[in-house]
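Protein chains in written order, with the working numbering: chain A, 1 to 160; chain B, 1 to 163. Each residue gets a CB set at the ideal place from its N, CA and C atoms; glycine is no exception. Keep in mind it's a predicted model, so treat the numbers as computed, not measured. Here is the structure we will look at.
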Amino acid sequence: MWDYIYPFFGWAEQSWLGHAIRESKWVFAITEVLHLFGLTVLIGTALILAMRLLGWALQTKPARDLACELTPWVYTALATVLVTGILLFVSEAVKCWRNPAFRYKMLFLFLALIFQFTVLRVLSRADEGRFPPIARGLTGIVAVLLWFGVAVAGRSIAFF
Amino acid sequence: MSILSICQYIDSTASSTAFRESLYVFPIVEGTHVVSLAISVGLIIWFDLRLAGLILTKQPVSAVFHPIRPFMLIGFGVMFITGGILFWGLALRCYGSPFFWAKMIMLILAGLNIALYHLTIDRRRAEWDDQPIPPLQARIAGFTSLILWALIITVGRMMAYFL
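Okay, structure coming up:
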């Protein structure tokens, strides 16, 4: 299946955008720093929300209110990592295609995004008491672990 | 004894060479450094933003700070240990990297900012704990911390890039 989409990776790498980013070491490095900023904030939102769902922090604030207050931070961070991630990807798409860490990263990213906008969204915004505490706590932990998976696999791309 | 000769000595030790040449230890330590960074900085931003009066303004400052403190401290501890190991393995290359020195200076500034906050305005926190917008000095401490951590991440990444 991965072979079928190879032409897309080749096309991305040969695009003008791919060329432009590859040509400047600084553009790549700065894009990577912004990618890291976005990931740090994104993991930060997952951590603080998980702590609330576990009942470890901010117990006086309903989880729903916290989730709503964090939403703009989640969206901004997500937009940042996705845009910078695409820029980094097109500059070395063929290398990514061959890279096992990249495949794991995409898998974790896919799972993390689905989890974030389905299970986490529903449980964190549900009325208190509608879901058992263990389900809420587990949801927070799983969200954090999925984003950690994205981070670790992402860092590993450079090691292959 | 100069800093250079200390770095030369560290670089020549067997443990430093072994670390540099290891296939798995280096990526694992480096990966742990990045994950602990995401934990500690990912949590400290909420406290800094609360001090700056930008988020969770209806919650007391201490309600944001106290629960995240143990996790933040563990994250920072792991970050320091893994950072120290990375330095041990790459001492001479760090010595020659302007980004490394910039990072060390900014880490010291971040430490001073934390010390200044806790020794001054935080002593009187009971007076402003519930205020949505904390006093100017606390807001400055929050903004300073956010800016310094952003810069530390930036030069840290650049350092790894241009080593």
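The C-alpha of B:V64 lies about 37 Å from the C-alpha of B:S97.
Contact of A:V41 with chain B by beta-carbon distance below 8 Å involves G42, I45. If you check the CB distance, B:F162 and B:F99 come in under 8 Å. Taking 8 Å as the cut-off, the Cβ atoms of A:W56 and B:P60 do not count as close. The beta carbon of A:H35 sits closer than 7 Å to those of V81, T84, G85, L88, all from its chain and outside the five residues before and after it, given in chain order. Taking a contact as a CB-CB distance under 8 Å, the pair B:Y95 and B:I152 does not count as one, their CB atoms being some 19 Å apart.
Identification of residues in the stretch 141-161 of chain B having a C-beta nearer than 8 Å to some C-beta of chain A yields A150, I153, T154, R157, M158, Y161, given in sequence order. Distance from the Cα of B:S36 is smallest, within the candidate group A:E128, A:I157, A:V144, for A:V144.
When only Cα atoms are considered, A:F148 and A:C68 end up about 22 Å apart. Residues of the stretch 108-130 of chain A whose Cβ lies closer than 8 Å to any Cβ of chain B: none. Between A:V33 and B:R157 a beta carbon distance of about 5 Å is seen, short of the 8 Å cut, so the two are scored as contacting. Not flagged as an interface residue toward chain B: A:L87, since no C-beta distance is shorter than 8 Å.
In the three-state reduction of the DSSP assignment, B:Q59 falls in the coil class, being assigned neither a helical nor a strand state.
B:D130 and B:R69 have their C-alpha atoms spaced approximately 19 Å apart. Excluding the 5 residues flanking it on each side, A:L111 has same chain C-beta neighbours closer than 6 Å at L146, in chain order.
In the assembly as shown, B:Y117 is a buried residue. Its beta-carbon has 16 or more other beta-carbons within 10 Å. For A:E69, the enclosing alpha helix (DSSP H) covers residues 63-91. With respect to chain A, the C-beta atom of B:G89 has no partner C-beta closer than 8 Å. Against chain B, the beta carbon of A:F37 has neighbours under 8 Å at A150, I153, listed in chain order. Shown here, A:W56 sits in coil according to DSSP, grouped into three states, outside any helix or strand.
When the five nearest sequence neighbours on each side are left out, the beta carbons in the same chain lying within less than 6 Å of the beta carbon of B:W128 are those of P134, P135, in order along the chain.
Taking 8 Å as the CB threshold, B:P27 lines the interface with chain A. The beta carbons of A:V94 and A:G10 sit about 6 Å from each other, so the pair counts as a contact at 8 Å.
For B:G89, the secondary structure class from DSSP, reduced to helix, strand or coil, is helix.
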